[in-house]
Structures are given as structure tokens and as C-alpha cells.
Amino acid sequence: MTAGDFTIRALDIDLSVRQSAGKGLPIVLVHGSGASKAVFDRQFSSPLSDLFRLVAIDLPGHGLSENSPDASHYTLGGFSRSVGAVIDALGLERALIFGWSLGGHVAIELAQSHPAIAGLMVSGAPPFGKGPISLLRAFQIHRDMLLAGKEMFTPADCERWLRMCYGPVPYPAALSDLKRTDERVRPTIAQSLRKPEGPDQKTIVEDLAVPVAFVNGGRDPIVRLSFFESFEMPTLWQGPHVIAEAGHAAFREAPETFNALLHRFAMDVTIAELRQDRAERQSARGRG
């Protein structure tokens, strides 16, 4: 598959994908609610795209991907299955996954279920447990947060959402991407998170066998940074990282700092994969 944009038919809908020509470990990038793969332009225009095989996906109902005919794709599980289907279609045997905001929660679900995931990095996506108390501990509570479950956006809603997510300078396509997003996405996600049988992402992350990295902006208006201090697990990569000068979209607001962290994490995951492969080959020779 050559570098550039293309479409993959997965789970009965067309999904738009962008990838770079890098030959290193694949890094799957998953955007947040109301965004698209275009939000990762500062990763694709960086040296990361030459070193690693960057793969960004427009989630169902976003960007150039199709809408879900019955909104069944608009849950964390549904989005996760869509990303997993793209990974399978591309034949990625091992990959690192980075998810931002909603995409971070999708990435957590995928890391639990897909055998190709070799490492997980999330930003702006606190792995919450079950129940409303956990959500209150994970997220800041203010008026603009109610937009996350609102179906129809007014022009004022769009302005508030973009400011909350991207600060004063959103990416060029941010407003058009937000207006294009299927209006059923936000309420469907919000309803699925409120259900008693909803996801327990805190337990998922704590039980993962692969390296996990948390990278957040120090001025993020959505997540509670203190929530990440509660995670103690052997797979945590160098402790929670905070980019002090950034807000919710740290990978855009401080791309040089973020890209350096992603590069280091990807290299550490790559080295761990090589060591594991070597150990497995030696074990196989010993059995032979």
C-alpha cells in the first residue's frame, strides 16, 4: 500500500485512511469526537512520518468516512471494532496506537482486544472506571462539558467546543470537520457511557501487558490531571507526562515536545518487540 489517502471497506462502511511512507513500527492515530485524521497534520509533516508508518483513520461518522446506518458504530466498542478492522485490512501484525480524547478511549478498548497492539499512548482520555463517581474523578465539570452529549450544535456551541478542544487556534479544518460529524455520535457515546454495564477502562489499562503512556496538557480544561496519579502498574511508561504549556490537544499545541515523546515511546516499544522476538526464537531453538 502506497503512502497517501485511500478508502477501506470495513464492517459494511467505507473508512477513510491516511498513511505515511515510513518503514518503522506502525503508529495508528485515532482522533477525537468532531475531528478527523486531519488533526494529525503536525505529526504527518514531522520526521515521525519518515521514521514510522503513521496510519490515521477517520472514525465512522467523521471526516471522509461514511456514517453508520443505524448508529451501531458510535459506541466505544463500535469505534474500536472499526479501527481494528482497518488494522486487519492493512495487515499490521504489530502496531503502537495513539488515541486522543474520544480516540484515546477507543484506543484503550482496542488495546484490550486486538493482538496487534504492542503499545498504547493516550492523551486527553482518562481511563475511567464504572459509575458516575469515577467519571467525576476523571473529568472536570463545567458548562462546556455538556456539549459532549449534545446532538445539534449552534454556531455558539461550535465556537465553545473548538476553544475547549484546541485553545485559541484550532486546526484549519476543525470547524468543517465538526459540522460534518454525524449528529448522532455525541448523544450515542454519552448514553453508552452512562449505562451501568458501561466500560471499566481503569481496570483495562491496569491489566494490560503492553507498555502504556499517558501524555496530557498541563492546561487541559477537560481532564483532571490528578486522576492519572492513581495509576500504579508495571507497564506504565516513565510515569504520567504533562506538557505544561499545552491544553487538551497537546499533540497540536506543543508538537515538538509531543512528537519527541511519541518518538521515544515508539523506539522503546520497538526495542521491546525485538527482544521478545529474539527470546521466542531462542526458546524455539531450545525446544528443537
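Heads up, the sequence shown is in the UniProt record's numbering, so the first residue is 1 and it goes up one at a time.
Virtual Cβ for every residue (Gly too), placed ideally from N, Cα, C.
It should be emphasised that the depicted structure is a prediction, and the values quoted were computed from it without experimental measurement.
Alpha carbon to alpha carbon, what distance is there between residue j and residue i?
i	j	result
VAL169	GLU245	14 Å
VAL215	ARG184	29 Å
ASP144	TRP237	32 Å
GLY239	ALA213	8 Å
ALA125	PHE251	13 Å
ASP14	ARG285	44 Å
SER16	ILE222	28 Å
HIS62	LEU274	36 Å
GLN43	ALA254	11 Å
PRO69	LEU102	21 Å
GLU6	VAL55	First, the residue type needs correcting, since residue 6 is Phe and not Glu in the sequence shown. Roughly 11 Å between the two C-alpha positions.
GLU151	ARG278	51 Å
LEU136	ARG160	21 Å
Judging by CA-CA distance, which residue of the options is the nearest neighbour of residue i?
i	options	result
ASN259	THR203, ALA111, ASP50 and LEU59	ASP50
LEU59	GLY32, MET145 and ASP41	GLY32
SER65	ALA209, TRP161, LEU76 and ALA35	ALA35
PHE79	LEU90, SER113, PHE52 and TRP161	SER113
ILE204	LEU110, GLY84 and HIS62	LEU110
THR75	ALA272, GLY198, GLY217 and ASP41	GLY198
HIS73	SER192, HIS142 and GLN19	SER192
ARG81	ALA107, TRP100 and ASP200	ALA107
GLU93	TRP100, GLY104, GLY119 and GLY77	GLY119
So what does DSSP say about residue i, is it helix, strand or coil?
i	result
MET121	strand
PRO221	coil
LEU11	coil
ILE141	coil
ALA260	helix
HIS31	coil
ASP182	coil
ASP5	strand
PRO26	strand
ALA190	helix
SER16	strand
VAL215	strand
Can the beta-carbon of residue i be found less than 7 Å from the beta-carbon of residue j?
i	j	result
HIS248	CYS165	yes
MET121	PHE98	yes
VAL86	ILE57	yes
ALA71	THR188	yes
ALA266	LEU25	yes
GLY149	ARG186	yes
residue 290	LEU147	Absent from the model: residue 290. The displayed extent of the chain is 1 to 288, so no value can be given.
Can you check whether the C-beta of residue i is within less than 7 Å of a C-beta belonging to chain B?
i	result
SER192	This model lacks chain B altogether, as it is built from one protein chain only.
Would the beta-carbon of residue i be found less than 6 Å away from any heavy atom of the ligand GDP?
i	result
ILE222	In the structure on display, the ligand GDP does not appear, and there are no ligands present to speak of.
Inside the segment 222 to 246 only - beta strand (DSSP E) runs reaching at least 3 residues:
241 to 243
Secondary structure, alpha helix (DSSP H): runs of 4+ residues fully inside the segment 33 to 107:
41 to 44, 48 to 51 and 76 to 90
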